[in-house]
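The structure appears right after this line, and notes come after that.
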Amino acid sequence: MSETKQKKTYDPTDLERRWQARWAESGLYKTDEDENKPKHYALTMLPYPSGDLHVGHWYPMTPSDTRARFMRMNGYRVFFPIGFDAFGLPAENAAIQRGIHPREWTYSNIERMRGQLRQMGAMFDFDSEVVTCDPEYYRWNQWFFLKFFEKGLAYREEAPVDWCPKDNTTLAREQVIGPDRRCERCGTPVIKKNLAQWLFKITDYAEELLDFSKIDWPERVQTLQRNWIGRSEGTRIRFEIEGYSPLEVFTTRPDTLFGATFFVMSPEHPAVEEITTPDQAEGVRTYVERAGRMSEIDRTDVTREKTGVYTGAYAINPANGEKIPIYIADYVLMGYGTGAIMAVPGHDDRDFEFAKRHGVEIRTVIAPPDWDGEELEVPYAGEGTMVNSGPFDGTPSEEGREKVTAWLEVRSAGSAAVTYRLRDWLISRQRYWGTPIPIIYCDSCGTVPVPQEDLPVLLPEDAKFTPTGESPLKLDEGFRKVACPKCGSPAERETDTMDGFVDNSWYWYRYLSPHYDEGPFDTERGRKWLPVDLYTGGIEHATGHLLYARFWTKVMRDLGLVDFDEPMIRLRNQGTILGPDGQKMSKSRGNVVNPQEYVDRFGSDALRDFLMFIGPWNEGGPWDGKGIEGVSRWLRRAVSLATGSDSSGGEADPSELTRRTNRLVKKITDDLEALRFNTSIAALMEHTNYLLAVRGRVDDEEWQEALRTFVTVLSPFAPHHAEEMWAAMGEEYSVHEQAWPGYEEALTQAEEITLIVQVNGKLRDRIDAPADISEETARELALSSARVRPHLEGKELRKSVYVPGRLVNLVVG
RNA sequence: GCGAGAGUGGUGGAAUGGUAGACACGCUAGAUUUAGGAUCUAGUGCCUUCGGGCGUGCGGGUUCAAAUCCCGCCUCUCGCACCA
7 MSETKQKKTY DPTDLERRWQ ARWAESGLYK TDEDENKPKH YALTMLPYPS
57 GDLHVGHWYP MTPSDTRARF MRMNGYRVFF PIGFDAFGLP AENAAIQRGI
107 HPREWTYSNI ERMRGQLRQM GAMFDFDSEV VTCDPEYYRW NQWFFLKFFE
157 KGLAYREEAP VDWCPKDNTT LAREQVIGPD RRCERCGTPV IKKNLAQWLF
207 KITDYAEELL DFSKIDWPER VQTLQRNWIG RSEGTRIRFE IEGYSPLEVF
257 TTRPDTLFGA TFFVMSPEHP AVEEITTPDQ AEGVRTYVER AGRMSEIDRT
307 DVTREKTGVY TGAYAINPAN GEKIPIYIAD YVLMGYGTGA IMAVPGHDDR
357 DFEFAKRHGV EIRTVIAPPD WDGEELEVPY AGEGTMVNSG PFDGTPSEEG
407 REKVTAWLEV RSAGSAAVTY RLRDWLISRQ RYWGTPIPII YCDSCGTVPV
457 PQEDLPVLLP EDAKFTPTGE SPLKLDEGFR KVACPKCGSP AERETDTMDG
507 FVDNSWYWYR YLSPHYDEGP FDTERGRKWL PVDLYTGGIE HATGHLLYAR
557 FWTKVMRDLG LVDFDEPMIR LRNQGTILGP DGQKMSKSRG NVVNPQEYVD
607 RFGSDALRDF LMFIGPWNEG GPWDGKGIEG VSRWLRRAVS LATGSDSSGG
657 EADPSELTRR TNRLVKKITD DLEALRFNTS IAALMEHTNY LLAVRGRVDD
707 EEWQEALRTF VTVLSPFAPH HAEEMWAAMG EEYSVHEQAW PGYEEALTQA
757 EEITLIVQVN GKLRDRIDAP ADISEETARE LALSSARVRP HLEGKELRKS
807 VYVPGRLVNL VVG
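Mapping of the first sequence onto this note's numbering: residues 7 to 819, in sequence order.
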């Protein structure tokens, strides 16, 4: 009985269900194509169809929806699509565990999540949905691959690559994380494997990717990308090798060249064997083998001692003609610079440590500012004056870098050079559930791209997808064996599939025309909507997805598909919503919060507003299930503004209504521009409390007007509740088609203020005063205050500071 | 080691030079109710001799005025990490 009584007064789930039905029926959220309006492409990162929508989806998506609704009400035509990033390992792993096909698992999850997305009540344009594992989609991954191949941006190379022994596949460098180099997905330490793999030449765009001048992205993301690309300016220097051809090194400190007292090569350097003298051959071979066997974790341990062996060979320092010994040591990495260095122990920590261990000469060539001419006890890596450097003695080190480089250039022994840390993007995966790479290997014709008209290369339905370390497609003869498209003789398909990051490097283009079959997207519609105006998603994608996305768009530009340089003009990162224990939500920890139970109890609006209210959106934070009750109470009270008539009493001043309404609109407008959702909700709550307190004490027409404004600005936050209120007020459907209300700055100002009176900066009194009170009057008022006077007694007034409309500070002493 | 960010009541947080703690959660008291893990009202930073004093990680500084700006330190979080 009490149940029914409850339901009668306030039942958010019923309320929301009714409006969702009405919205669907009336096509309220069909994308507005009216080109007379300015466009706004709002994009939220598409989910992986893992099974159920969780709070981790609600947290980024619902505030993005609020923002999209705000833009719509501000007169923009808004495109706010959603889709599924549907290729990937979890589908395969689940399929293996349960004996069902990855496709079946994926599509049934998508089906379920679609329903949950609708329940969210967001203004998603479901007609534009994209599912990346549809042949209709991945066909264009293959099309792009062929374009990349044509342009020399896709190439195959045999090299040691990162391999996850648990997931049985190679990984891109971006997917290997931490100092101990673990697989991003499963945490297993990766190992190196020598494999022929396909790579995309993202390094061709390294320089351009460092330019963020055309986009408004968080400084943090820019820094992460900049560090990841790792640009270093320096000099390539050629060292003659006795009895062998010259070798190059890269250095950022050519000014220390005269202090290079030895030379070090990486154990993997291709010239190691040839330069090694016969008497050192055994030691070198042993060392190289040991380095090769060492795990990545040990190899990259920074705290390890600097080991290495002498090769018996000598290099000639081009600066002074000195013979310097060549060592190999594993602290020199083959993957950076040239894989060989000039070692300057006087001015580099690592070289110093090595020299100490191996008894090599340490020479000071850069004098620190306060140098006393004594040998340095620790390496000095800072700036100073060049010494022991022949003709360069006395040159400041910074200037010396240029001078030495110029000097080397004249002698053809070196030149200025730029090196990047960024590596090419390894896209081959030895797994089933991904886009097949459209390449055929023919004994006579070599590597042959699949002709465009033969796309898509379909994933075979019946492949055995159990991971073995080999590509599952390799075991599928029907797939693998094929006639060469060039000569017709028997040939074999490439059996690797593409990295899932390929799928999501261009999906927002596909949203524009998800069924278009003459290209990856309809460029005509592209002109109407591109680029993305606001992209929202997690910071964790800074050096993966978000870098690939920029790269991909730049390639598309060079292919003539788009005429801009950056995919998304503005990017904002939300924080991470954590479990109640403050830990990252994960199934294994058992702290995953299921939104469904909260939606069932409190409704979608309460959940979304609670998530916005919890704190600044870009900070995230732990989930607190109790907090949502406060938000739910607020929404119920808000609805009662339109349905009830009682006043809550209190001392609120009804004459403040206009001012407070104007202030509310200003506050929400400013907050939504800047994506500050938490303070918006607080302002809406405060306003609700005020309205409830003054209800019945305001002129009816004025009240209705104020209520309409309130409901309108509430609508992006609580779309269902606002609609309910709108209807209860007798207004015409729908509140979501109302224009965003304006406000008058002048009307946000109060006529009466609380004048703060300070003595020596300490608060002593609050006095009600007119807002336009003059300085003199304010001072007089302050001086005559009974609370203030005791603090002035026996003291001299030295100064008074007046902040108009705010405070008077009396300085006494 | 390098880089970035953050430290405010019992809790989440608000305030970006001008009333510290908005808005909530929780708690306390009262009302209503057969009952309540419902609803409503009031209170709620700490100390207090009820005058006031203290208070935004710690120590200094600038200023009439500092959570906010500057210098030094501590703690935590994240990212990168032998990158020559």
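Cβ coordinates follow ideal geometry from the N, Cα and C atoms, glycine included.
field: residue 543 versus residue 785 - alpha carbon distance
entry: Stepping through the first sequence from its first residue, residue 543 is reached at position 537. Stepping through the first sequence from its first residue, residue 785 is reached at position 779. Each residue's Cα considered, the two are about 52 Å apart.
In chain order, each beta strand (DSSP E) run of at least 3 residues that lies wholly inside the stretch 251-284: 268-271
task: Could you spell out where the beta strand (DSSP E) holding residue 589 opens and where it closes?
output: One-based indexing of the first sequence puts residue 589 at position 583. First-last for residue 589: undefined, no H or E at that position.
Between the CA atoms of residue 103 and residue 184 - distance to the nearest angstrom: For the purposes of this step, residue 184 is taken as the residue at position 178 of the first sequence. For the purposes of this step, residue 103 is taken as the residue at position 97 of the first sequence. Going from the Cα of residue 184 to the Cα of residue 103 covers about 29 Å.
query: Helix, strand or coil: which one does DSSP assign to residue 19?
result: For the purposes of this step, residue 19 is taken as residue 13 along the first sequence, with counting starting at 1. Residue state, collapsed to three classes: helix.
task: Please confirm whether residue 724 and residue 615 have their CB atoms less than 8 Å apart.
output: Your numbering for residue 724 matches position 718 in the first sequence. Your numbering for residue 615 matches position 609 in the first sequence. Yes.
message: For residue 525 and residue 564, I'd like the C-alpha separation in whole angstroms.
response: Taking the first sequence and counting its residues from 1, one reaches residue 525 at position 519. Taking the first sequence and counting its residues from 1, one reaches residue 564 at position 558. When rounded, the distance between both Cα atoms is 16 Å.
- prompt: Per DSSP, residue 46 is paired with what?
  reply: The residue labelled residue 46 in the question sits at position 40 within the first sequence. 84.
- request: Round the Cβ separation of residue 220 and residue 572 to the nearest angstrom and send it over; I've been treating them as touching at under 8 Å.
  value: By one-based count along the first sequence, residue 220 stands at place 214. By one-based count along the first sequence, residue 572 stands at place 566. The Cβ separation is near 5 Å, so the contact holds.
task: For residue 416, name the three-state secondary structure that DSSP assigns.
output: Your numbering for residue 416 matches position 410 in the first sequence. Three-state result, residue 416: helix.
- prompt: Whose C-alpha, out of 31, 693 and 624, is nearest the C-alpha of residue 739?
  reply: Reading the first sequence from its first residue, position 733 is the one you call residue 739. Per the Cα distances, 31.
message: Bridge partners for residue 200 per DSSP, in chain order?
response: Here the question's residue 200 lines up with position 194 in the first sequence. Looking at the DSSP assignment, residue 200 forms a beta bridge with 166.
Length of the line joining the Cα atoms of residue 9 and residue 95: Within the first sequence, the letter at position 3 stands for residue 9. Within the first sequence, the letter at position 89 stands for residue 95. Confidence is the limiting factor: at residue 9 the pLDDT is only 34, short of 50, which leaves the residue's position unreliable and the question unanswerable from this model.
field: Straight-line Cα distance separating residue 460 from residue 496
entry: In the first sequence, the residue the question calls residue 496 occupies position 490. In the first sequence, the residue the question calls residue 460 occupies position 454. About 17 Å.
message: Here's a check: name, in chain order, each residue in its chain whose Cβ is nearer than 7 Å to the Cβ of residue 634, leaving out the five neighbours to either side.
response: For the purposes of this step, residue 634 is identified with residue 628 of the first sequence, where counting begins at 1. For residue 634, where only same-chain residues beyond five positions count, the Cβ hits under 7 Å are 604, 608, 612, 613 and 616.
query: CB-CB under 7 Å to residue 419, same chain, minus the five flanking residues each way: which ones, in chain order?
result: The residue given as residue 419 occupies position 413 in the first sequence. If we look at residue 419 and ignore the five residues flanking it on each side, its Cβ neighbours are 243, 244 and 324.
message: At the level of alpha carbons, what is the spacing between residue 7 and residue 641?
response: As a first step, residue 7 is located in the first sequence; it is residue number 1 there, counting from the start. As a first step, residue 641 is located in the first sequence; it is residue number 635 there, counting from the start. Confidence is the limiting factor: at residue 7 the pLDDT is only 27, short of 50, which leaves the residue's position unreliable, though a coordinate-based value still follows. Taking the straight line joining both Cα atoms gives about 23 Å.
task: Identify, in the order they occur along the chain, each residue of the same chain with its Cβ nearer than 6 Å to the Cβ of residue 25, setting aside the five sequence neighbours on each side.
output: Along the first sequence, read from residue 1 onward, the residue named residue 25 stands at position 19. Within the same chain, residue 25 has close Cβ partners 726 and 729.
- prompt: Does the stretch 52-72 come within contact of the stretch 115-129, defined as at least 3 CB pairs closer than 8 Å?
  reply: In short, these stretches touch, since the Cβ pair count reaches three.
field: Under 8 Å between C-beta atoms of residue 335 and residue 312
entry: The sequence position of residue 335 within the first sequence is 329, counting from 1. The sequence position of residue 312 within the first sequence is 306, counting from 1. Yes, these two residues count as a Cβ contact at 8 Å.
Residue 574 beta carbon less than 8 Å from that of residue 541: The residue given as residue 541 occupies position 535 in the first sequence. The residue given as residue 574 occupies position 568 in the first sequence. With contacts defined by Cβ atoms closer than 8 Å, residue 541 and residue 574 form a contacting pair.
message: Looking at residue 240: is its Cβ nearer than 8 Å to the Cβ of residue 387?
response: Counting from 1 along the first sequence, the entry for residue 240 is found at position 234. Counting from 1 along the first sequence, the entry for residue 387 is found at position 381. Between residue 240 and residue 387, the C-beta spacing is not below 8 Å.
query: So, helix, strand or coil for residue 545, using DSSP?
result: Counted from its first residue, the first sequence places residue 545 at position 539. In this structure, residue 545 counts as helix in the three-state DSSP scheme.
query: Apart from the five residues just before and just after residue 149, which ones in its own chain have a Cβ nearer than 7 Å to its Cβ?
result: The residue labelled residue 149 in the question sits at position 143 within the first sequence. Answer for residue 149: 458, 461 and 526, listed in chain order.
query: Ordered along the chain, which non-local residues of its own chain (more than five positions away) have a Cβ less than 7 Å from that of residue 645?
result: Here residue 645 refers to the residue found at position 639 when the first sequence is read from its first residue. Correct list, in chain order: 16, 727, 730 and 731.
Range covered by the beta strand (DSSP E) that runs through residue 134: Taking the first sequence and counting its residues from 1, the one referred to as residue 134 is at position 128. Note, residue 134: beta strand (DSSP E), 131-137.
- prompt: Beta carbon of residue 763, beta carbon of residue 792: below 8 Å?
  reply: Within the first sequence, the letter at position 757 stands for residue 763. Within the first sequence, the letter at position 786 stands for residue 792. Cβ distance not < 8 Å, so residue 763 and residue 792 don't count as in contact.
- request: Keeping to the same chain, check which residues put their C-beta closer than 6 Å to that of residue 14; ignore five residues upstream and five downstream.
  value: Start at 1 with the first residue of the first sequence, and residue 14 comes out as number 8. Below a pLDDT of 50, predicted positions are generally treated as unreliable, and residue 14, at 46, falls in that range; no measurement from the model is reported.
message: Could you tell me the alpha carbon to alpha carbon distance between residue 86 and residue 569, rounded to whole angstroms?
response: Within the first sequence, the letter at position 80 stands for residue 86. Within the first sequence, the letter at position 563 stands for residue 569. When rounded, the distance between both Cα atoms is 22 Å.
- request: Measuring alpha carbon to alpha carbon, tell me which of 385, 783, 402 and 143 ends up nearest residue 353.
  value: As a working mapping, residue 353 is identified with position 347 in the first sequence. Answer by Cα proximity: 385.
task: Report buried or exposed for residue 453, applying the criterion of at least 16 other Cβ atoms within 10 angstroms of its Cβ.
output: Counted from its first residue, the first sequence places residue 453 at position 447. Around the C-beta of residue 453, fewer than 16 other C-beta atoms lie within 10 Å, and the residue is accordingly described as exposed.
- prompt: Would the beta-carbon of residue 167 fall within 8 Å of that of residue 175?
  reply: Here residue 167 is taken as the residue at index 161 of the first sequence, counted from 1. Here residue 175 is taken as the residue at index 169 of the first sequence, counted from 1. In this structure, residue 175 does not lie closer than 8 Å to residue 167 by Cβ.
query: Which term fits residue 349, buried or exposed, when burial requires 16 or more other beta carbons within 10 angstroms of its beta carbon?
result: Residue numbering aside, residue 349 sits at position 343 when the first sequence is read from its first letter. By the 10 Å Cβ count, residue 349 comes out buried.
message: Rounding to the nearest angstrom, what Cα-Cα distance links residue 567 and residue 231 in this structure?
response: On the first sequence, position 561 is the one that residue 567 refers to. On the first sequence, position 225 is the one that residue 231 refers to. Looking at the two C-alpha atoms, the distance is approximately 25 Å.
- request: With a threshold of 16 other CB atoms inside 10 Å of the CB of residue 115, please say whether the residue is buried or exposed.
  value: By 1-based counting over the first sequence, the position of residue 115 is 109. That one is buried.
field: For residue 341 and residue 425, the rounded distance between their alpha carbons
entry: Position 419 of the first sequence, counting from 1, holds the residue named residue 425. Position 335 of the first sequence, counting from 1, holds the residue named residue 341. Taking the straight line joining both Cα atoms gives about 11 Å.
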